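Sequence positions in the sequence shown follow full-length UniProt numbering and run 1 to 1072.
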Amino acid sequence: MGRTALTKTSSGYGLYTQVNLSPGLPPKGLMAPPKPKGFTLLLISTVYVVTLGPLLFGYHLGELNAPQKVITCQVDQLPGYVALGLPQCIPMNDFQWGMVQSMFTVGGLFGALFSGAVATRFGRLFALRLATFFLAGGPVAEALAGKLWLLALGRALSGLGAGAATVVSPIYISEVAPPKRRGLFGAFTQVQINSGIVVAQLLGYFLSKYNKWRWVLATGGFIAGLMFVGLFFTPETPKWLAANNRPRMARGILQRLRGKTADIREEMEGWDMSGEAEEESLLASPRGARPLKEASRSIIAVVKMPKYRQPLIAVTGTMIAQQLCGINSVVMYSVAILGKVMPKQAGLVTVIVSSVNVVVTILAAPLPDKIGRKPCLLISIIGMGAASGMLYAGLAKHIQALTIAAVALFVASFGVGLGPIPFILASELVGPEAVGAVSSWALAANWLSTFLVAMFFPVLNKVLMHNVWWIFPASTIAPVTGFDQIFSNTVAVKKCSTGTPVISSRRMLSSTTFSLVAIALLTPLVHTQATLPQVDLGYEIHQAISFNQTGQTYNFSNIRYAQPPIGNLRFAAPVPPSGRNNVVQNGSVDRICPQAIPGWYPISSEFVQYLIAGNATSFNYTQAEEQLQIALQNAKPTPPDPRMSEDCLFLDVIVPKKVFDGSKSRVRRRQNAGAAVVVWIYGGGYTLGSKEGSGNPSGLIKASQANGGEGVIFVAMNYRLGAMGWLAGPTLQAAGGVSNAGLYDQRLALEWVQNNIHLFGGDPNRVTVMGESAGGGSIVHQITAFGGLKEVPFQQAISQSPGYLPTPSYFVQENATQSFLSLLNVSTIEEARQASSEAVIKANALQVGASQYGGFTYGPVVDGVFVPALPGTLLNAGAFAKNLSVMVSHTLSEGPSFTPPYVQTDDQLENMIVMLNPGTPPAAVDYIVKTLYPAVYDGSQPYKSPIERTILFVTESSFTCNTYFLNKAYGNNTYSYQFAVPPGFHGYDVPYTFYNGQPTNLTQDLIAPVAKTLQAYLTNFILSGNPNGQGLPPFPMQGQNASMNSISTVVARVKDDTSNQRCAWWEKSLNN
1 MGRTALTKTS SGYGLYTQVN LSPGLPPKGL MAPPKPKGFT LLLISTVYVV TLGPLLFGYH
61 LGELNAPQKV ITCQVDQLPG YVALGLPQCI PMNDFQWGMV QSMFTVGGLF GALFSGAVAT
121 RFGRLFALRL ATFFLAGGPV AEALAGKLWL LALGRALSGL GAGAATVVSP IYISEVAPPK
181 RRGLFGAFTQ VQINSGIVVA QLLGYFLSKY NKWRWVLATG GFIAGLMFVG LFFTPETPKW
241 LAANNRPRMA RGILQRLRGK TADIREEMEG WDMSGEAEEE SLLASPRGAR PLKEASRSII
301 AVVKMPKYRQ PLIAVTGTMI AQQLCGINSV VMYSVAILGK VMPKQAGLVT VIVSSVNVVV
361 TILAAPLPDK IGRKPCLLIS IIGMGAASGM LYAGLAKHIQ ALTIAAVALF VASFGVGLGP
421 IPFILASELV GPEAVGAVSS WALAANWLST FLVAMFFPVL NKVLMHNVWW IFPASTIAPV
481 TGFDQIFSNT VAVKKCSTGT PVISSRRMLS STTFSLVAIA LLTPLVHTQA TLPQVDLGYE
541 IHQAISFNQT GQTYNFSNIR YAQPPIGNLR FAAPVPPSGR NNVVQNGSVD RICPQAIPGW
601 YPISSEFVQY LIAGNATSFN YTQAEEQLQI ALQNAKPTPP DPRMSEDCLF LDVIVPKKVF
661 DGSKSRVRRR QNAGAAVVVW IYGGGYTLGS KEGSGNPSGL IKASQANGGE GVIFVAMNYR
721 LGAMGWLAGP TLQAAGGVSN AGLYDQRLAL EWVQNNIHLF GGDPNRVTVM GESAGGGSIV
781 HQITAFGGLK EVPFQQAISQ SPGYLPTPSY FVQENATQSF LSLLNVSTIE EARQASSEAV
841 IKANALQVGA SQYGGFTYGP VVDGVFVPAL PGTLLNAGAF AKNLSVMVSH TLSEGPSFTP
901 PYVQTDDQLE NMIVMLNPGT PPAAVDYIVK TLYPAVYDGS QPYKSPIERT ILFVTESSFT
961 CNTYFLNKAY GNNTYSYQFA VPPGFHGYDV PYTFYNGQPT NLTQDLIAPV AKTLQAYLTN
1021 FILSGNPNGQ GLPPFPMQGQ NASMNSISTV VARVKDDTSN QRCAWWEKSL NN
């Protein structure tokens, strides 16, 4: 065997080769070594297989981004095919969703912490193979999850495997990559992570519907299976083999990785081997003082030993910075972020931006080797800091192009430095005996940081909104500013044995100073958000939950205005809160009242589309019903919204900051002068809807601030729905219940506004109540409440498309009450009060779901107290609140959504009338069918086909004639308008009322000018009782000629078509 001697030089120990007896290696120094090749097919394929682990890490980071709303039941879906009995979605609130997201990082934390030790003791390859079991098992649990806990478990298992892969894969790559190309190959880790994100978001874009989201989660398991198979064709790293007394195998594998003609001796000189192994490989340690292989270091040892401490800080610090820079806030929540400025295109833009990130990472891969680690990090930090500022501006000003550019720059800058470099530092700063332990600490810190971002970014984003993007630059720079000394000595670490680089005290002081400055700069912002204003309501102290920086408004959410209507208060009139709750409330838990959807809704939606397309005659009702029944039979019931609760009597108050700040002095002086207030009552057939369901009021508030005005306060309340809000009949009355409980809820909320709105800066003498559909119908009932004998708690009213059925008596609702009790499996109201909330909600859903086409089973009824007679009768008799300013509207055609497509003959129309209006005398039914709406289609009537005839009947009997009654009662001294944007169906005006500058399903060019005109009319009326002003087209009162403004792309004055003989008959006949 040849010998290699050491010779002392001025710079240390050198090598002098005397004889070479090995046939595989020519004597060094006797001939020029061949130029290293390094890049072989085996090396490329090996790196690709190994980086499937990081690919899955990226995949699992992004897999829940696009399908979030579908998975959490936040998107209404038609029933679809359900395999294996799995539900279409899993209901979750924001906190539960954040927990599911963060469970991936919890698993990753443990995987990262312990995988390094496994890789050091048993080999890199063994650790990677073990990780694939978790990477395959996690997606299986996720895809088959029917409950939240199983989905969270699957995420944790996936995280366990991904955490191990992100520790071991970079070590493996660093140990097989050519020394001069480690930066290039190290970038492959980040390239694959980004590729995984792109794949996840691309699949999410196409599969975020019905049960298809499960395929998104299952795909990770297929990729893990491919990785497992590929690892059987992947060799162990030569460096680990050499360090574990297998030099011959190490040399053979290294030669295969580098190519048959490559010179590998220089690379092998840096390996740690035993003395016997050194002779066997004809190499000596370049550190002459260490002839024997060092023992593996544990995760505890690298902390205790000074030589590893500073590299440990450097590697861990950069790993922390990699996550605190905010990259995963974009990866996990980019659809939600971009959705604020482009709700329809957010998913597609996310895919495009992520693809750009992959390209940038690939192009930037050579940079760490060419310009160094530190410059790449600085470029990355500066770019991400600039992008954060751009993102703030784009979100604050709703600038789509700027927001997209900011997100693209954010992820591209990450790919230059903070993405790839942290993964290669461990193997460069410490030897193989400690690289596993150091990597475990670093990746554990990385995963913990990921957990913090995943769990708390939604909270910070909700509180700070776009201001949250100022936090990330400071969080990124602070951990890395003290490491430039280490980065500058990276080469020295590899070539010298004189010690470990030390961070000077001046460097540490600089880093600490910067952190303190960053904290000082951020403190005022965080303090402003943390000290959101509070209002003492007497029974509780309520704090605003957020501040809208763009609109400069405080949001006081979910303020209780009544005691929980449960137990003995179920089916009873609402009771105001009592006592004193000393715990500050902030409304963080959102509530909606139990909802129910009539079974005919899906068919109605389809029929309306046929009408819009002009193909109503080709609609096949029988076929549509059969298809719906098949779909329902194959589907599990959609889980209830997690916000749904009988304890739902809450309201929101959104107040401009300027108004609220001015309220303090007024409250002290007990002055009433304050801002105008608008109280919104939502529609939904008295069985659906919630206080925030109609839209964001920011557009209305902004419109009210035109010409420097302080703006209006917006209030929206929940009220009970379905059986819980509208149960009626003698049985209920005898048990001490109250009919029309929903109307009493609304009344109590309006009285709450009168008693408390001054605390927010509002004037209780300037309150306008506004509502649409069932909300508009509720306003008519509030105006006529108690026959006008009690003062109403508002001064103005805007009733849009007031909808209600003329139910003459609560006796006709007795059948509905008995049916509800039967579905609840009880016989008395007392037993119904003791039933579980789940049982009551289920019975209500079943009953409303079985409603006749066009009906909802429940709604206001004549009870002799709150509703002493039908509203038309009371208005005609003068039994209503007269000292009100009133604005009223209807759309071009209110009826299509509620018109049964099959009602086309006289007999069918008669049956429909009796079904919707129980107790209608036969003579009246005959008059309606033969005289009011005769089957004449020769152009003499306002309809030309049987279905148009039915639509007109529904339109007038349930909606537009109600506006006629209201206008006539106030002597036509009302402001009346018609929403005339085609097709002008019921509810199509709501997006215009709540337009806030964001794109909708309506075309941008059409909605913006019309919406702004409508909002200007509405807010002018709210502020002054007169819609005119701001350079708008004139808006006269209806007057004796019964004219109204027709609002479309132009505003025209037209004759109100409700002023006709048909509405006059409805008023005199059924309303008497």
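Where a beta carbon is used, it is the ideal one built from N, C-alpha and C, also for glycine. Predicted, not measured: the structure shown is a model, and the values here were computed from it.
- If you draw a 10 Å sphere on the C-beta of glutamate 692, you find 16 or more other C-beta atoms in it, and that means buried.
- Secondary structure note for arginine 560: its beta strand (DSSP E) is the uninterrupted segment 553 to 560.
- Distances from the alpha-carbon of glutamine 192 to those of Val780, Ser1048, Phe57 put Phe57 closest.
- In this structure, leucine 151 lies near isoleucine 90, with their beta-carbon atoms less than 8 Å apart.
- The C-beta of threonine 361 has 16 or more other C-beta atoms within 10 Å across all chains shown, which makes the residue buried.
- In this structure, the beta-carbon distance from tryptophan 1066 to glycine 872 falls below 8 Å.
- Within the same chain, Phe571, Thr731, Leu732, Ala735, Gly737 come within 7 Å of isoleucine 829 by CB-CB distance, once the 5 residues on both sides are set aside.
- Annotated three-state conformation of methionine 305 is coil, per DSSP.
- Judged by their CB atoms, tyrosine 561 and phenylalanine 660 are not nearer to each other than the 8 Å cut-off.
- By the criterion of a C-beta distance shorter than 6 Å, alanine 879 is surrounded in its chain by Gly787, Gly788, once the five residues flanking it on both sides are discounted.
- Methionine 319 is not a Cβ neighbour of asparagine 194, given a cutoff of 8 Å.
- Counting along the chain, no beta strand (DSSP E) covers arginine 720, and no H or E run does either.
- Lysine 1055: not part of any alpha helix (DSSP H); member of the beta strand (DSSP E) spanning 1051 to 1055, first to last residue.
- DSSP places valine 914 in the helix class (H, G or I) of the three-state scheme.
- Residue pairing by DSSP places methionine 1044 opposite Val1054 in a beta bridge.
- Between asparagine 211 and glutamine 68, the alpha-carbon positions lie close to 13 Å from each other.
- The region 1035 to 1048 makes contact with the region 957 to 972: 3 or more CB pairs, one atom from each, lie closer than 8 Å.
- In the three-state reduction of the DSSP assignment, tyrosine 933 falls in the coil class.
- Here glutamate 267 is near proline 179, since their CB atoms are less than 8 Å apart.
- Contact between threonine 51 and threonine 189 holds: CB atoms are separated by about 6 Å, below the 8 Å threshold.
- Taking the Cα positions, glycine 579 is about 18 Å away from asparagine 568.
- For valine 106, same chain residues with a beta-carbon under 7 Å away, outside a window of 5 residues either side, are Ala156, Gly159, Phe451 in chain order.
- Membership of proline 982 in any beta strand (DSSP E) is not indicated, and neither H nor E is assigned to it by DSSP.
- Selection Ala346, Leu532, Ala675, Phe185 evaluated against tyrosine 48 yields Phe185 as nearest (Cα-Cα).
- When the five nearest sequence neighbours on each side are left out, the beta carbons in the same chain lying within less than 6 Å of the beta carbon of lysine 658 are those of Glu710, in order along the chain.
- Straight across, the Cα-Cα distance linking leucine 743 with threonine 1013 is about 31 Å.
- In this structure, the beta-carbon distance from leucine 721 to proline 594 falls below 8 Å.
- By the neighbour-count criterion, in which a residue is buried when 16 or more other Cβ atoms sit within 10 angstroms of its Cβ, phenylalanine 222 is exposed.
- Comparing alpha-carbon positions, the option among Ser809, Ala845, Tyr992, Leu443 lying closest to leucine 109 turns out to be Leu443.
- Across the structure, methionine 92 and isoleucine 592 are spaced so that their CA atoms are roughly 14 Å apart.
- When the alpha-carbon of phenylalanine 985 is set against those of Pro422, Pro896, Asn972, Pro918, the nearest one is in Pro896.
- Just measuring C-alpha positions, the residue of Trp97, Ile654, Pro642, Ile603 sitting nearest glutamine 629 is Ile603.
- The three-state secondary structure of leucine 395, taken from DSSP, is helix.
- For the 8 Å CB-CB criterion, glycine 138 and glycine 161 form a contact.
- In the structure shown, phenylalanine 206 falls within a helical segment according to DSSP collapsed to helix, strand and coil.
- Arginine 1062 counts as buried, since at least 16 other C-beta atoms from the protein chains shown sit within 10 angstroms of its C-beta.
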